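**Q** Under this note's numbering, think of the first position of the sequence shown as 284, with each following residue one higher.
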Amino acid sequence: MPRDNELRKILLIGSGPIVIGQGCEFDYSGVQACKALKEEGYQVVLVNSNPATIMTDPEFADRTYIEPITPEVIEAILEREKPDAILPTMGGQTALNAAMELNRNGALARHGVKLIGANAQAIAKGEDRQLFKEAMLRIGLDVPRSGIAHTISDAARIADEIGAFPLIIRPAFTLGGSGGGIAYNRQELDEIVERGLHLSPVSEVLIEESLVGWKEFEMEVMRDRADNCVVVCSIENVDPMGVHTGDSITVAPTQTLSDREFQLMRDASFAVIREIGVETGGSNIQFAVNPENGRMVVIEMNPRVSRSSALASKATGFPIAKIAAKLAVGYTLDEIRNDITRETPASFEPTIDYCVVKVPRFTFEKFPQADPTLTTQMKSVGEAMAIGRTFKEALQKALRSLEIKRFGLCGDGQEKRVDAETLRVRLTVPNAERIFHIAQAFQDGMSIEEVFDATKIDRWFLHNIRQIVDEAAALGRARILRAVADILSDTSTMDGEAAHEPAPQNAEQSAQNLRATQPQNPQDLRATLRRAKKLGFSDRQLAVAWNSTEQQVRALRKALGVTPTYRLVDTCAAEFEAYTPYYYSTYGSENEMRRTDRRKIMILGGGPNRIGQGIEFDYCCVHAAFALRELGFETIMVNSNPETVSTDYDTSDKLYFEPLTLEDVLNIYDQEKPEGVIVQFGGQTPLNLAAGLRAAGVPILGTQPESIERAEDRKLFAAMLDDLDLRQTPSGSAVSADEAVAIAQRVGYPVLVRPSFVLGGRGMELAYNDEDLRRYVSAAMEWNTGYPSEPSGFQPPASTQPTIDTPGRRPEFRPILVDRFLEDAIEVDVDCIADENTAVIGAIMEHVQLAGIHSGDSACAVPTFSLPPTVLTEISRATKAMARALDVRGLMNVQFAVKGEDVYVLEVNPRASRTVPFVSKAIGVPLAKLAAKV
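1) Look up T347 in the DSSP assignment and give the residues it is bridged to.
2) Does the beta-carbon distance from C307 to I898 come in below 8 Å?
3) Please state whether DSSP places T533 in a helix, a strand or coil.
4) Output the boundary residues of the alpha helix (DSSP H) element that contains A439.
5) Report the CB separation of S298 from A378 in whole angstroms; it is logged as a contact under 8 Å.
6) If we count the other Cβ atoms within 10 Å of its Cβ and call it buried at 16 or more, is S775 buried or exposed?
7) Give the range of the alpha helix (DSSP H) segment to which G975 is assigned.
8) Looking only at its chain, what residues have a beta carbon closer than 7 Å to the beta carbon of S483, apart from the 5 residues adjacent to it on each side?
9) Would you kindly check if the distance between the Cβ of M579 and the Cβ of D1254 is under 8 Å?
10) Identify which residue in L1056, F500, E873 and T1162 has its Cα closest to the Cα of L1007.
11) Tell me whether F1148 is buried or exposed, calling it buried when 16 or more other Cβ atoms sit within 10 Å of its Cβ.
12) Going by beta carbon distance, what residues of the same chain come within less than 8 Å of R912, once the five residues before and after it are set aside?
13) Quick one: what does DSSP say A1215 is sitting in, helix, strand or coil?
14) Could you tell me whether the Cβ atoms of L972 and V948 are closer together than 8 Å?
15) Buried or exposed: G389, going by 16 or more other Cβ atoms within 10 Å of its Cβ?
16) Expressed to the nearest angstrom, what Euclidean distance is found between the alpha-carbon atoms of G529 and A551?
17) Y952 by DSSP, collapsed to three states: which one?
18) Leaving aside the five residues before and after P988 along the sequence, list all residues of the same chain whose C-beta is less than 6 Å from its C-beta, in chain order.
19) With a cut-off of 8 Å on the beta carbons, I'd call V708 and A681 a contact; round off their distance for me.
20) Going along the chain, which residues of its own chain have a beta-carbon closer than 7 Å to the beta-carbon of T615, five neighbours each way excluded?
21) Report the option in T646, G565, D1140 and F650 whose CA atom is closest to the CA atom of I406.
22) So the beta strand (DSSP E) G409 belongs to, where does it begin and stop?
23) For the stretch 815–824 against the stretch 748–755, do three or more pairs of beta-carbon atoms, one drawn from each stretch, fall closer than 8 Å, so that the two count as touching?
24) Would you list the one or two residues that DSSP bridges to Q569?
25) Could you compute how far the alpha carbon of E875 sits from the alpha carbon of L1056?
26) What number of angstroms, rounded off, separates the C-alpha of I619 from the C-alpha of R837?
27) I need the straight-line Cα distance from L758 to V712, nearest angstrom please.
28) Tell me whether the beta-carbon of V328 lies closer than 8 Å to the beta-carbon of P366.
29) With a Cβ-Cβ cutoff of 8 Å, do L943 and G888 count as a contact?
30) Do L999 and V1188 have their beta-carbon atoms positioned less than 8 Å apart in this structure?
31) With DSSP collapsed to three states, give me the class of V526.
32) When you compare the CB positions of A344 and L295, do they come within less than 8 Å of one another, or not?
33) Are there 16 or more other CB atoms within 10 angstroms of the CB of A401, so buried, or fewer, so exposed?
34) Any chance the CB of C307 is under 7 Å from a heavy atom of the ligand MG?
35) Contact defined as beta carbons within less than 8 Å: I believe L884 pairs with I961. What is the distance between those atoms, to the nearest angstrom?
36) Less than 7 Å between C-beta atoms, sequence neighbours within five positions excluded: which residues of the same chain meet that for Q538?
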C-alpha cells in the first residue's frame, strides 16, 4: 500500500521536560520519526519545550517550536503552519493528552487536521479505563474485576463489590502510574483515590482487584493498514505484579512462558490492537498471569510508542518508532526494509538468540525521607540495559552498568549485609535493593521455596540467581586460583596498567612468568575463568574471590587467552547477514567484530539517567559523534542506556552496548585500537575512567586526566585558585568530621560541604552548626572515596595517590571542601570551549535563584539581567585564566558566586555540562560539535 500522498506537512508533538515515567526515550522516538518522515519527503513541524533534546536541533525538523505543549500553543501553531496531520504517538502521555484535548475542543476540526498513528477513538479506548475494559470483554479476553470511580464514594462502593483488600488504583490518562497505588485498607483507599482523581485529567480512576504476586508480561506489537501484525519483542518482568514495570527488572525475550502460553498471549495481543483500532503504528500491551492456575488477564495498553518500545528497539535492533512513523503515513510492514539485514522486510518478526536484561536506576539517596517501597507508581529515574548469551550473564552486566558501586550480583566487596529479620522484610516488601537481598538470602542458606514465598519472583529466575551465588562461593574456594593470586601479588599488570604496588616486571615478562608458574593443569584454570566470565562475573568479583586486584585478574585472563568476543545484534538470530555494527560482549568462541582501516575515535556515553546526569550529556555525545563523522573518523559509541539517541544503531559508525566500567571499556579498546577515547561529553561517568584508561596506555583526547584531577579534587583546586590569585570563599579541606568542624569554626557558619568527584551535588549540604556538619560530613564520606562509579579505575599521580582500595580494605577519603556559604549571592554559570591557545565563552548565565540552590535546580537566563559590565569582565577573565591553567581542550563549565562586585569561584567542571544544550539553542551555536572538533 503506497504512502499517503495527500499529506504534505506533518506536526510532531514532543514529550516536553523529563519527568519520572517519561524520559529521554521520547527524544529517541522523536528523532527516529523526524528522520523517517523527512526521508519520505514530508515537511516536519515539531513542537517540544525541552531544549536538551536532539530532536529540537534545527536539522531534524523543517520548523521547530520550542514552546509549551499546551492545546492553546499547539492550536496557534496549527493556525500558522497549517499542517495536514498530527502525529501524537511519539511524545508519550503528554502528546497523547494534548492531541485528545485538541480533538475535544474542536481545534482539529476547525483547522482540518487529522490524527495519524492512532486516531482519537483508538486513543480513548486504549487510555480510558472503562472503555478499555468493555473492549476487552467484547473480544473475550479476561480482565481483573474492577470498577470506575469519579468520586471517593464511588470507590468505596466498588471496593465493597470486589469484596477484599488489597486493591489497585489506576488513574486514567496519567503517566508512570502517577496518582496510583495499592490500598490495603479503607483509609489508604480514600487517600490514593483522592490523589488519583486530582491527577487524572478526566478525574477518573480504576479500582481493580489486586493481582499482586502474579507474573507480568509485555508485548510490543505493530499493525499496518492491511491488518498485518507483528510482535516485535516480548518482555517479562522479574518482579511480580504490584511493582510498576518501569521499576522492575525486565528480561527479553520472555523466559518462563511455554510455547503454548506465548502463542496465546501473542494472539491476544493481536486481538487487542485490532479491537482498540491502532491501524498504523505500535502499541505496548501488558498481561498478568496467575502462576498457580495460569489465568491470563489483560492489564492495559499504550496506543503509542512507550518506554518499553525504546527498550524493545534496542534489545532487538528493530526501530519501532521509525517503522511506526512510516506506517502512520500509509506504508505496510512488508514495504519497509529492515535496516540491519537490508534484505528482510519489517513484517519479519525479530528473532534473538541472546538475552537482554534491563535494571532500573533509583536515586533514593538524594531523598532520604522518600518511601523506598516500590509500588504501582513509578519511582526510578533511569535504567541500564545489558545483553548476554544467558540471563545470568546479562543480569550481572546490567547490575554493573548501574554505576552504584556494584560490580555484579554478589562477591564484589560492596555487599551491605542485613540481619535476618531485616532480610525477611526486604525480601517481602519490594525495594530497589531486593535483587541483592535475594543473593544474601541464598548465601545465608535460604531455599528457593522460602525466597519464592517471600518475593513471588518466579522460581526460574531464583534458580539462576542461586547459580550465580553458588559460583561466587565456589570461586572463593578455588585453591588453584588462590595459588596464582599469590604468585601475582607483587606482579605488574599487563599493558602498562597501574599496579597496586611497585611493579618490577613489564607486561611481556609478566605473561611469561604466568605461563611458567601456572599449576600442573592450566586447562582447569582457563576453564574456571571462562566459566565465571560466561556467568557475567567481573574482574572485580574475581579479585575479591581470590584476594587479588582487578589489574592482576586482567593480566591473568589475557595470559590464558580468556578475553571477550563480540556478537552482532541482527534481529534474525544470524539467519541473515547484519550490516549495522551493533555489538555486545560475551565469552564465546566466535567473534563477529569487523575491523576497518579507517581512523577511529571512541566516545564514552553517560550510562543510565539519574538526577544530575541525564539527557543533556547524551545530547553532547551525539553531537560529538556527528562532528567526528564529518571529519572522516569512524566513531565508536560505548553506552548502556537504552533510552538514548546515542544508543541508536545509526548515530555512530559502531555501537557497543556495554557497561561503562574500566574493565569493559578496556576490552573494547583492545579490540578496536582507536586513536583515542573522548571522556568529556558523557558527564561524570566517563570522566571517572580517564585516569585508569590513561594508566592502561589508552590515549585520552581532550582535557587530560591530571587536569581533571586538579579541577575535581577540592584541595588541589583551591591551591590552583590561590596560584591564579582568584577569589574563593574562606575554606579548608577535610578528611574527617573533626577537621570539618575545625574549619567551620574558623571560617564561620553557615558552611557548604562539597565532596570531590561527585555528580549533581551529591553529598553537598549546607550546615548551620557543628551537629549538622558532622552528620553531613559522614554522609559525604560515603560517596567520597576517589571516583564514585569506578573505585578501582582511578589511579592518581604518585604524588597524590591515596591507598588503593584493595578488596577487603576501605580506600582513603578524598578531601571534602568546607567553605563559607555566601548568603544573598548571585550564582553564575559559564560554558566555554578552549584549546591550547584560546578560550571562547559560549554564554554567561545568571541564575534566577540566589546561590545555595543547586545549579541544576535553578532557573537561569541568557544574557545576564543584573550584572554590571565590570563583573562580566572579571568572570570572563577568570574563566579564561582557569582554562589555561587546567590546559583544557574542549568544553569547560565554571560556577561563580557574585556578591556586590566581588566574584568568587565556586567550582570548575572540565567537561560538558547540563547547560550545553540550552546554551547551544540560545546562541545558535552547536558547542558540543565544536568542542569535539577541538
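Even glycine gets a Cβ: it sits at the ideal position worked out from N, Cα and C.
Keep in mind the model is a prediction, meaning the values are calculated, not measured.
**A** Considering the structure as presented:
1) Beta-bridge pairing links T347 to L329.
2) If you check the CB distance, C307 and I898 come in under 8 Å.
3) DSSP places T533 in strand when its eight states are reduced to three.
4) Looking at the DSSP string, the run of the alpha helix (DSSP H) that includes A439 is I435 to I445.
5) A378 and S298 do touch by the CB rule: their CB atoms are close to 6 Å apart, below 8 Å.
6) Here S775 scores only 42 on pLDDT, less than 50, and its place in the model is too uncertain to base an answer on.
7) Membership of G975 in the alpha helix (DSSP H) is indicated by the continuous run A973 to A978.
8) Excluding residues within five positions, the ones whose Cβ falls inside 7 Å are P454, A455, F456, T457 and G462.
9) No answer is possible for residue 1254: it lies beyond the span of the chain, which begins at 284 and ends at 1217.
10) It is T1162.
11) By the neighbour-count rule (16 or more Cβ atoms within 10 Å), F1148 is not buried but exposed.
12) Cβ within range, chain order: T918, S935 and D936.
13) DSSP places A1215 in helix when its eight states are reduced to three.
14) Yes, the Cβ-Cβ distance between L972 and V948 is below 8 Å.
15) When all chains shown are included, G389 counts as exposed.
16) Approximately 23 Å, taken between the alpha carbons.
17) Residue state, collapsed to three classes: helix.
18) If you ignore the 5 residues before and after P988, its C-beta comes within less than 6 Å of the C-beta of A973, A974 and R977, all in its own chain and listed in chain order.
19) For V708 against A681, the beta-carbon gap comes to about 25 Å, at or over 8 Å, which does not count as contact.
20) Here the set comprises M284, D507, R508, A509 and N511.
21) Comparing C-alpha distances from I406 to each of T646, G565, D1140 and F650 shows the shortest one belongs to G565.
22) Here G409 belongs to no beta strand (DSSP E); instead the alpha helix (DSSP H) covers A403 to E410.
23) Taking 8 Å as the limit for Cβ pairs, the verdict is that the stretch 748–755 does touch the stretch 815–824.
24) DSSP output for Q569 lists E501 and E583 as bridge partner(s).
25) Straight-line spacing of the CA atoms in E875 and L1056 works out to 55 Å.
26) C-alpha separation (whole angstroms): 45 Å.
27) Rounded to whole angstroms, L758 to V712 spans 31 Å at the Cα level.
28) Contact flag set, yes.
29) With contacts defined by Cβ atoms closer than 8 Å, L943 and G888 form a contacting pair.
30) No, these two residues do not count as a Cβ contact at 8 Å.
31) Three-state result, V526: coil.
32) Yes, they are a contact pair.
33) The Cβ neighbour count for A401, taken over all protein chains shown within 10 Å, is at least 16; the residue is labelled buried.
34) Ligands displayed in this structure: none; no statement on the ligand MG is therefore possible.
35) As written in the sequence, residue 884 is Ile, which differs from the Leu given in the question. The C-beta distance from I884 to I961 rounds to 6 Å, short enough to fall under 8 Å.
36) Cβ within range, chain order: E519, F674 and W743.
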